[in-house]
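Worksheet: the structure to be examined is printed underneath.
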Amino acid sequence: MKLLRHLTFNRVFFSFFPLYLLVPLLCLAVSHGASAEVSQRAWAGNWLVVGEGDQQLVWQLHADGSGYAYGFAPGGELSHGFAISWSLLGDRVRVRTGAAVRCSGGVVDVAFTGWSPVTLDFAVLDGRHWRQHGGGLLSFQRRLKHWETPTAGSECPKLSS
């Protein structure tokens, strides 16, 4: 009788053995996915960005993958901008542009004609630099705590250094 109980336990144990291996692997996969989300969340915020040629930009990156990119003329006036969709994939960032933002007569003008079929690819070099594939280097200078998204019909924002 004792031998029968022992055999039954082994049979049950080994029938669940693949499950014992699967659970830790599943936990590792979930934690890896969560760390990628945390990385994207770490980039979220309003940034003063400088491109090659000292072009000043403001990038608004939201953790959900939406955002805006604005360019400024040398005098600090808004010259152009785009709605963006971005995603962090390991050490790569993919960006698509959407609505165009510009200043017209001192007022923000927004036009949405759909998402661009072109995807911009960036390599994250370190904690503050992205290099565009086949393009220039973006340097994330500092976070802008008081930046507000310009809305259509509002006064064009100025970027003060």
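Under mature numbering (1 follows the signal peptide of the UniProt record, and there is no 0), the residues of the sequence shown are numbered -36 to -1, 1 to 125, in order. The C-beta atom is built at its ideal place from N, Cα and C for all residues, glycine as well.
| query | result |
| --- | --- |
| Cβ neighbour criterion (16 or more within 10 Å) applied to Gly70 | exposed |
| Local conformation of Gln19 per DSSP, three classes | coil |
| Gly117 versus Cys67: straight-line alpha-carbon distance, rounded | 10 Å |
| Reference Val57, options Val22, Ser80, Ile48 and Asp73, closest by Cα | Ile48 |
| Contacts around Asn10, its chain only, beta-carbon distance under 7 Å, and the 5 residues preceding and following it disregarded | Val22, Gln24, Arg107, Leu108 and Trp111 |
| Beta strand (DSSP E) segment containing Arg60, residue limits | Arg56 to Ser68 |
| Environment of Gly31 [buried if 16+ CB atoms lie within 10 Å] | buried |
| Sub-9 Å separation of Val65 and His44 beta-carbons | yes |
| Proximity test, Val74 beta-carbon vs the ligand NAD heavy atom, cut-off 8 Å | What this structure holds is no ligand at all, so the ligand NAD is not there to describe. |
| Counterpart residues of Asp28 in DSSP-defined beta bridges | Per DSSP, none; premise fails for Asp28. |
| Close Cβ partners of Arg60 (< 6 Å) along its chain, the five nearest in sequence each way excluded | Ser49, Trp79, Ser80 and Thr83 |
| The beta strand (DSSP E) enclosing Ala47, as first and last residue numbers | Leu42 to Leu53 |
| Environment of Ala33 [buried if 16+ CB atoms lie within 10 Å] | buried |
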